[in-house]
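Just below is one structure, and these are the notes that go with it.
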Amino acid sequence: MQATRTISHPSGWRYSLSRALIVTRREMRDSFRDWRIVTPIVTLTIVLPAVIIFALRASKDLVERLGPDALNNKILPFSILSVGFFPMSFSLVIALETFVGEKERNSLEALLTAPLTDRELFTGKYLAAVIPPIATSSLGMFFFVALILLTGGPLPVSLPVLAIFWLLTVAQALVMVAGAVIVSSHTTSTRAANLLASFIILPMSLVVQVEAIILLVGQKIAMIPIWIALLIVLVILLRTGVRIFNREEIVAREGDSLNVKGIFRGIGGYFKRMPSETLNRQTENLRKFSPWRLYRYDIPQILAYNKNSMLAVGFSLLVSVGVGWWLSSWQPVQDIINSRANQISLGGQNPICTAGGLGVTWQGIFFNNVRAILIGGAASLLTLGIGGLLLLMVSIGPIGLLGGVFSQLNLNPILLLIGFLVPHGIIELPAAIFAIAAGLQMGMSVVAPPKKLTIGGSFMFSIVNFIKLQALVIPMLLIAAIIEANLTPAIGCWLTGGRY
Amino acid sequence: MIEAVGLVKTFGDFTAVNGVSLHVPQGQILALLGHNGAGKTTTTRMLAAILAPTKGYARIGGYDTVRQPLEVRRTIGHLTETPGLYNRMRIVEYLDFFGELQSVPKKIRHERIEAMMHRFDLWDTRRLRIGEYSKGMRQKTALIRALIHDPQVLFLDEPTSAMDPHSAKMVRDAIGELKEAHRSIILCTHNLFEAEVLADKIAIIRKGQIVIEGTANELKRKLLGAPLFQVELRPGSSLPPGLENIAEVVEWNEQNLIFRSEEPERTNPLILKKLVEAGCEVVTLSEVPRSLESVYLKIAGQPADSNFNRDEVEQSMQKTEQKSEVKARELTGVSADAFDSSEPINLTDELKGGRK
Numbered sequence: 001m002q003a004t005r006t007i008s009h010p011s012g013w014r015y016s017l018s019r020a021l022i023v024t025r026r027e028m029r030d031s032f033r034d035w036r037i038v039t040p041i042v043t044l045t046i047v048l049p050a051v052i053i054f055a056l057r058a059s060k061d062l063v064e065r066l067g068p069d070a071l072n073n074k075i076l077p078f079s080i081l082s083v084g085f086f087p088m089s090f091s092l093v094i095a096l097e098t099f100v101g102e103k104e105r106n107s108l109e110a111l112l113t114a115p116l117t118d119r120e121l122f123t124g125k126y127l128a129a130v131i132p133p134i135a136t137s138s139l140g141m142f143f144f145v146a147l148i149l150l151t152g153g154p155l156p157v158s159l160p161v162l163a164i165f166w167l168l169t170v171a172q173a174l175v176m177v178a179g180a181v182i183v184s185s186h187t188t189s190t191r192a193a194n195l196l197a198s199f200i201i202l203p204m205s206l207v208v209q210v211e212a213i214i215l216l217v218g219q220k221i222a223m224i225p226i227w228i229a230l231l232i233v234l235v236i237l238l239r240t241g242v243r244i245f246n247r248e249e250i251v252a253r254e255g256d257s258l259n260v261k262g263i264f265r266g267i268g269g270y271f272k273r274m275p276s277e278t279l280n281r282q283t284e285n286l287r288k289f290s291p292w293r294l295y296r297y298d299i300p301q302i303l304a305y306n307k308n309s310m311l312a313v314g315f316s317l318l319v320s321v322g323v324g325w326w327l328s329s330w331q332p333v334q335d336i337i338n339s340r341a342n343q344i345s346l347g348g349q350n351p352i353c354t355a356g357g358l359g360v361t362w363q364g365i366f367f368n369n370v371r372a373i374l375i376g377g378a379a380s381l382l383t384l385g386i387g388g389l390l391l392l393m394v395s396i397g398p399i400g401l402l403g404g405v406f407s408q409l410n411l412n413p414i415l416l417l418i419g420f421l422v423p424h425g426i427i428e429l430p431a432a433i434f435a436i437a438a439g440l441q442m443g444m445s446v447v448a449p450p451k452k453l454t455i456g457g458s459f460m461f462s463i464v465n466f467i468k469l470q471a472l473v474i475p476m477l478l479i480a481a482i483i484e485a486n487l488t489p490a491i492g493c494w495l496t497g498g499r500y
Numbered sequence: 001m002i003e004a005v006g007l008v009k010t011f012g013d014f015t016a017v018n019g020v021s022l023h024v025p026q027g028q029i030l031a032l033l034g035h036n037g038a039g040k041t042t043t044t045r046m047l048a049a050i051l052a053p054t055k056g057y058a059r060i061g062g063y064d065t066v067r068q069p070l071e072v073r074r075t076i077g078h079l080t081e082t083p084g085l086y087n088r089m090r091i092v093e094y095l096d097f098f099g100e101l102q103s104v105p106k107k108i109r110h111e112r113i114e115a116m117m118h119r120f121d122l123w124d125t126r127r128l129r130i131g132e133y134s135k136g137m138r139q140k141t142a143l144i145r146a147l148i149h150d151p152q153v154l155f156l157d158e159p160t161s162a163m164d165p166h167s168a169k170m171v172r173d174a175i176g177e178l179k180e181a182h183r184s185i186i187l188c189t190h191n192l193f194e195a196e197v198l199a200d201k202i203a204i205i206r207k208g209q210i211v212i213e214g215t216a217n218e219l220k221r222k223l224l225g226a227p228l229f230q231v232e233l234r235p236g237s238s239l240p241p242g243l244e245n246i247a248e249v250v251e252w253n254e255q256n257l258i259f260r261s262e263e264p265e266r267t268n269p270l271i272l273k274k275l276v277e278a279g280c281e282v283v284t285l286s287e288v289p290r291s292l293e294s295v296y297l298k299i300a301g302q303p304a305d306s307n308f309n310r311d312e313v314e315q316s317m318q319k320t321e322q323k324s325e326v327k328a329r330e331l332t333g334v335s336a337d338a339f340d341s342s343e344p345i346n347l348t349d350e351l352k353g354g355r356k
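Chains A and B are the protein sequences, given in the same order.
Going by this note's numbering, the first residue of the first sequence is number 1, and it counts up by one from there.
Going by this note's numbering, the first residue of the second sequence is number 1, and it counts up by one from there.
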């Protein structure tokens with residue numbers, strides 16, 4: 001047998017970057033020869049800012065009706081952000097063209113045979129997709145600010161805030177392009193990629209709306225947490241992008257056609273197999289499906305597989321309790337506390353105890369919780385797992401808020417929480433964590449599939465796991481609901497003596 | 001130079017390549033024949049370090065395709081199935097990009113680009129965008145791209161498809177020159193003439209397996225039997241006795257004698273002598289042309305869903321032999337033992353033994 005040859009070539013990140021930049025230069029030259037890209041760049045960078053500023057100046061009287069400083073404090077700052085955001089719309093076009101467009105035109109394979117690592121290729125293409133929108137957004141913002149100053153207005157925001165605006169814009173571009181890379185990696189046509197791009201545009205438009213609200217309430221500095229959140233999302237997306245952008249995935253993915261029969265066959269196959277059998281691609285000596293196997297093997301394996309997601313959900317719940325506690329010191333809450341202080345005071349009667357219960361049946365609690373879990377699962381599926389997580393955080397956050405309020409009223413929150421939450425919560429909360437963690441897995445399945453599964457396989461596998469897990473979650477919710485309706489109030493009132 | 005052992009590639013439950021072994025030494029061309037979906041492209045992708053084999057291994061120029069993919073990609077030039085060019089670029093810019101990716105020094109790549117563009121008649125089109133090129137011009141551009149770094153190993157997928165006859169000959173000549181320059185080449189093609197003319201060896205791949213491999217003549221001999229010869233005679237001739245002891249007579253009538261011979265150098269003069277002695281007037285003696293197409297169709301031309309594998313190739317070849325014997329017996333009335341001198345090839349052993 002012939003021995004393997006070895007030879008040394010330059011290496012290191014500088015060399016890798018120089019290789020990636022060869023790809024970047026070519027891609028950018030190519031992009032700027034495409035009138036579909038150049039036209040919006042010119043329009044959105046130069047024409048649109050000019051139109052906005054002249055329109056605002058021309059309608060000065062109308063704008064002033066919104067308030068004495070509405071133009072300088074609200075409209076112009078938001079316009080700066082908007083002018084920076086508009087060119088992002090074509091960042092997706094470039095990104096999708098750069099990744100899936102090249103695959104569709106069959107020009108990618110020639111590049112795959114070049115001596116570039118997957119990471120160099122990814123970096124080169126990512127930079128090519130991200131530099132034009134960042135450059136044009138920055139140029140648009142600069143041009144807009146220059147026009148404000150040239151038309152006689154003061155700078156509507158301070159320089160540090162302007163810097164935050166720019167950083168936000170850059171982060172948005174980076175996130176959108178990173179999202180587009182992932183979308184591109186999962187498709188073989190620009191048409192399919194454009195359809196999937198709504199998963200990027202929708203969350204990003206939500207971010208812009210949040211920014212608008214922040215500007216309207218005048219808390220510009222609150223944009224820093226958004227920027228940090230965007231950077232965290234960027235890191236996750238980039239890690240995922242680097243992982244799934246590899247020759248094997250790109251070449252092996254041949255079509256986007258929907259095979260309904262194949263999907264059902266796939267789901268059926270995942271149901272029949274234990275998670276470990278699926279993950280190991282085991283085809284022989286499969287353990288037959290039975291309720292015993294489900295509880296003895298499938299569910300413990302799913303829980304073990306979801307442990308990182310469960311930790312993330314647990315951590316998020318702690319954060320939501322902390323945020324709830326922190327919100328109790330918020331002025332509007334303080335006002336409510338002050339107005340109700342005489343009703344909830346140390347030694348006062350607890351209405352739950354005087355009424356003899358919560359006033360709801362266990363069936364009502366049970367169906368409400370099951371519905372919440374199903375809605376959480378569906379929300380997770382559509383929002384990379386974030387929707388379900390937020391839903392749970394919103395449900396748990398009030399516990400922190402109540403704790404904070406009680407603490408401010410010099411009441412002992414510990415006894416109340418132990419008495420009125422722990423009896424059923426000890427079952428209900430783990431059930432919720434199991435379910436929402438499985439939802440998180442469903443959402444993340446397309447972003448980070450297990451090594452031996454395709455994206456589609458990973459998606460189906462996570463859905464099947466979510467469904468199988470309900471065999472544990474639903475009975476837990478049932479028991480918790482019965483306890484909550486019948487035992488919890490009695491235990492709580494007994495522990496607290498029916499008083500606060 | 002190219003060595004692959006037991007390559008297997010599966011995508012989910014589908015096996016695209018199933019145990020392909022290849023060996024192409026320096027200065028040799030191996031033509032890989034097979035219908036669409038037979039596994040040619042997946043095999044070359046594994047050899048080009050684009051796909052990792054599920055089982056087996058491959059070495060290109062001594063580099064392992066899994067552990068040293070960058071070295072492999074520096075060693076190879078790959079003309080892909082579709083040219084896949086950048087339509088908004090001009091050819092010089094395009095080739096320069098790939099030359100730079102292959103770390104060819106600027107001066108050398110510019111000289112090389114110009115020389116190859118002249119060689120393939122593309123210099124005059126240098127001001128056009130690639131999008132304006134004809135299919136043949138695009139194919140030639142892609143070929144130059146594969147050659148820009150003067151690779152030691154070449155994978156050429158349909159190098160002359162969509163080309164006019166003149167361009168196709170130009171490319172074939174270039175491939176011949178590359179072979180002379182000791183390059184190892186795998187040629188995936190549907191053009192059987194091209195395979196026959198250029199390749200030292202031909203491998204036919206079907207359902208991800210190489211079902212037969214050898215030189216064009218070996219394949220013809222294996223699948224179609226020993227070469228056939230035709231003697232054209234003046235009308236009224238009769239078959240002289242004892243001719244069947246010299247060669248296998250396949251067909252006889254007053255004007256034609258067709259016989260099969262393993263050793264034409266020995267048998268043909270004897271046959272001519274016998275015919276002349278018997279008073280037959282010989283007009284011509286020529287070998288009956290047998291195309292590679294017949295061989296290819298025999299194997300690859302089976303319906304796509306049939307399980308035509310190595311075993312069936314063997315059976316098919318045995319049937320060919322038996323058919324020849326029966327035909328000869330029918331014509332001459334002599335027993336099969338009379339053909340001992342033709343020493344039929346032990347096809348099973350040859351196939352199982354693999355390449356020589």
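Glycine included, C-beta positions come from ideal geometry on N, C-alpha and C.
Worksheet item: How about PHE366/A and LEU477/A: do their beta carbons lie closer than 8 Å?
Response: Here residue 366/A is taken as the residue at index 366 of the first sequence, counted from 1. Here residue 477/A is taken as the residue at index 477 of the first sequence, counted from 1. Yes, these two residues count as a Cβ contact at 8 Å.
Discussion item. For LEU112/A and ARG247/A, I'd like the C-alpha separation in whole angstroms.
Written reply: For the purposes of this step, residue 112/A is taken as residue 112 along the first sequence, with counting starting at 1. For the purposes of this step, residue 247/A is taken as residue 247 along the first sequence, with counting starting at 1. Near 7 Å, if we compare the C-alpha coordinates of ARG247/A and LEU112/A.
Worksheet entry | Contiguous beta strand (DSSP E) assignments of at least 3 residues, all confined to the stretch 206–240 of chain B | 209–214, 228–233
Discussion item. So the candidates are ILE455/A, LEU392/A, ARG33/A, ASN72/A; which of them puts its Cα closest to the Cα of VAL446/A?
Written reply: Locating residue 446/A in the first sequence gives position 446, where the first residue counts as 1. With distances taken between Cα atoms, VAL446/A lies closest to ILE455/A.
Worksheet item: Who are the Cβ neighbours of ALA126/A in its own chain at under 7 Å, not counting the five residues just before and after it?
Response: Taking the first residue of the first sequence as 1, we reach residue 126/A at position 126. A small fix is needed here, since residue 126/A is Tyr in this sequence, not Ala. Excluding sequence neighbours, TYR126/A sits near VAL177, VAL181.
Item to complete: Would you mind stating whether ILE212/B and LYS222/B have Cβ atoms separated by less than 8 Å?
Response: Your numbering for residue 212/B matches position 212 in the second sequence. Your numbering for residue 222/B matches position 222 in the second sequence. Closer than 8 Å, so yes.
Worksheet entry | Limits of the unbroken beta strand (DSSP E) element including ASN256/B | Residue 256/B sits at position 256 when you count from the first residue of the second sequence. Segment 256–260, the beta strand (DSSP E) holding ASN256/B.
Worksheet entry | Against chain B: residues of the stretch 266–298 of chain A by CB proximity under 8 Å | none
Item to complete: Please state whether DSSP places HIS166/B in a helix, a strand or coil.
Response: Counting from 1 along the second sequence, the entry for residue 166/B is found at position 166. Helix, per DSSP.
Worksheet item: When you compare each of GLY497/A, VAL100/A, ILE299/A to LEU469/A by their alpha carbons, which one comes out closest?
Response: Residue mapping note: residue 469/A aligns to position 469 of the first sequence, counting from 1. The shortest Cα separation from LEU469/A among GLY497/A, VAL100/A, ILE299/A belongs to ILE299/A.
Worksheet item: Between the stretch 88–107 of chain A and the stretch 37–55 of chain B, do three or more beta carbon pairs fall short of 8 Å?
Response: no
Worksheet entry | Start and end residues, alpha helix (DSSP H) containing TRP330/A | To locate residue 330/A, count along the first sequence from 1; it is residue 330. Segment: none, TRP330/A is in no alpha helix (DSSP H) and carries neither H nor E.
Discussion item. Which residue marks the beginning of the beta strand (DSSP E) containing PHE120/B, and which one marks its end?
Written reply: Position 120 of the second sequence, counted from the first residue, corresponds to residue 120/B. Taken as a continuous stretch (DSSP letters only), PHE120/B belongs to no beta strand (DSSP E), as it is neither H nor E.
Worksheet entry | Collapsed DSSP secondary structure at THR284/B in the structure displayed | Counting from one through the second sequence, the residue named residue 284/B turns up at place 284. It is a strand residue.
Fill in: Residue span of the alpha helix (DSSP H) that contains ASN194/A, given as start and end
Walking along the first sequence from the start, residue 194/A turns up at place 194. That run of the alpha helix (DSSP H) goes 190–196.
Worksheet item: Applying a beta-carbon distance threshold of less than 7 Å, which residues of chain B neighbour ARG26/A?
Response: By one-based count along the first sequence, residue 26/A stands at place 26. Going along chain B in sequence order, the residues near ARG26/A (Cβ under 7 Å) are PHE97.
Worksheet item: Shortest alpha-carbon distance to LEU96/A belongs to which of THR188/A, ILE467/A, SER59/A?
Response: Translated into positions along the first sequence, residue 96/A becomes position 96. Nearest C-alpha to LEU96/A: THR188/A.
Discussion item. At the 8 Å Cβ level, is ALA110/A part of the contact set with chain B, yes or no?
Written reply: In the first sequence, the residue the question calls residue 110/A occupies position 110. So yes, ALA110/A belongs to the interface.
Fill in: Listed by chain order, chain B residues near PRO77/A by CB distance under 8 Å
As a working note, residue 77/A is residue 77 in the first sequence. Neighbours of PRO77/A on chain B: none; closest Cβ ~39 Å, over 8 Å.
Worksheet item: Just reading off the alpha helix (DSSP H) that ALA129/A is part of, what are its end residues?
Response: Working through the first sequence from its first residue, we reach residue 129/A at position 129. 118–150 is the extent of the alpha helix (DSSP H) around ALA129/A.
Worksheet item: So is ARG126/B buried or exposed if we call it buried at 16+ other beta carbons inside 10 Å?
Response: As a working note, residue 126/B is residue 126 in the second sequence. By the 10 Å Cβ count, ARG126/B comes out exposed.
Worksheet item: Are the C-beta atoms of THR190/A and some chain B residue less than 8 Å apart?
Response: Your numbering for residue 190/A matches position 190 in the first sequence. It does not; no Cβ of chain B falls within 8 Å.
Item to complete: Starting from the C-beta of LEU453/A, find all residues in its chain whose C-beta is less than 8 Å away, skip the five residues before and the five after it, and write them out in chain order.
Response: Mapped onto the first sequence, residue 453/A falls at position 453. The beta carbon of LEU453/A is closer than 8 Å to those of THR278, LEU279, PHE461 in its chain, skipping five residues each way along the sequence.
Fill in: Secondary structure, beta strand (DSSP E): runs of 3+ residues fully inside the stretch 60–133 of chain B
Taken in chain order, the unbroken stretches of beta strand (DSSP E) that lie wholly in the stretch 60–133 of chain B and span 3 residues or more are 76–79.
Discussion item. Starting from THR24/A, trace the alpha helix (DSSP H) in both directions and tell me its first and last residue.
Written reply: Counting from one through the first sequence, the residue named residue 24/A turns up at place 24. Run containing THR24/A: 13–31, per the alpha helix (DSSP H) assignment.
Worksheet item: According to the neighbour-count rule (16 or more other Cβ atoms, all chains shown, within 10 Å of its Cβ), is PHE406/A buried or exposed?
Response: In the first sequence, residue 406/A corresponds to position 406, counting from 1. Buried is the call here.
Worksheet item: Pick from ILE263/A, PHE420/A, ILE483/A, ILE426/A: whose alpha carbon is nearest that of CYS493/A?
Response: Translated into the one-based positions of the first sequence, residue 493/A becomes position 493. Closest option to CYS493/A, Cα to Cα, is PHE420/A.
Practice prompt. Starting from the C-beta of VAL88/B, find all residues in its chain whose C-beta is less than 8 Å away, skip the five residues before and the five after it, and write them out in chain order.
Written response: To locate residue 88/B, count along the second sequence from 1; it is residue 88. It is worth fixing the name first, because residue 88/B is Arg in this sequence and not Val. Hits under 8 Å: ARG129, ILE130, GLY131.
Discussion item. Please tell me whether SER458/A has its Cβ less than 8 Å away from any Cβ of chain B.
Written reply: Here residue 458/A is taken as the residue at index 458 of the first sequence, counted from 1. Chain B contact via Cβ: absent.
Worksheet item: Would HIS78/B count as contacting chain A if we go by Cβ distances under 8 Å?
Response: Here residue 78/B refers to the residue found at position 78 when the second sequence is read from its first residue. Yes, contact with chain A.
Discussion item. Short of 9 Å Cβ to Cβ, which residues in the stretch 102–126 of chain A face chain B?
Written reply: Listed by position along the chain: GLU102, ARG105, ASN106, SER107, LEU108, GLU109, ALA110, LEU111, LEU112, THR113, ALA114, PRO115, LEU116, THR117.
Worksheet item: Just to confirm, are ALA31/B and LEU198/B a CB contact at a threshold of 8 Å?
Response: Taking the second sequence and counting its residues from 1, the one referred to as residue 31/B is at position 31. Taking the second sequence and counting its residues from 1, the one referred to as residue 198/B is at position 198. Inclusion of ALA31/B and LEU198/B in the CB contact set at 8 Å is warranted, their separation being smaller than that value.
Practice prompt. Can you give me the Cβ contacts of LEU196/A inside the same chain, cut-off strictly under 8 Å, excluding the 5 residues immediately before and after it?
Written response: For the purposes of this step, residue 196/A is taken as the residue at position 196 of the first sequence. Closer than 8 Å at the Cβ level, and outside the excluded window around LEU196/A, lie VAL183, HIS186, THR187.
Fill in: Below-8 Å beta-carbon distance, ARG247/A vs any chain B residue
What you label residue 247/A is simply residue 247 of the first sequence in a count that begins at 1. Interface residue, yes.
Practice prompt. Have a look at SER294/B, VAL283/B, ILE186/B and flag the residue whose alpha-carbon is nearest the alpha-carbon of GLU232/B.
Written response: As a working mapping, residue 232/B is identified with position 232 in the second sequence. Of SER294/B, VAL283/B, ILE186/B, the residue nearest in Cα terms is VAL283/B.
Worksheet item: For VAL177/A, does the three-state DSSP call read helix, strand or coil?
Response: Along the first sequence, read from residue 1 onward, the residue named residue 177/A stands at position 177. VAL177/A: helix per DSSP, three-state reduction.
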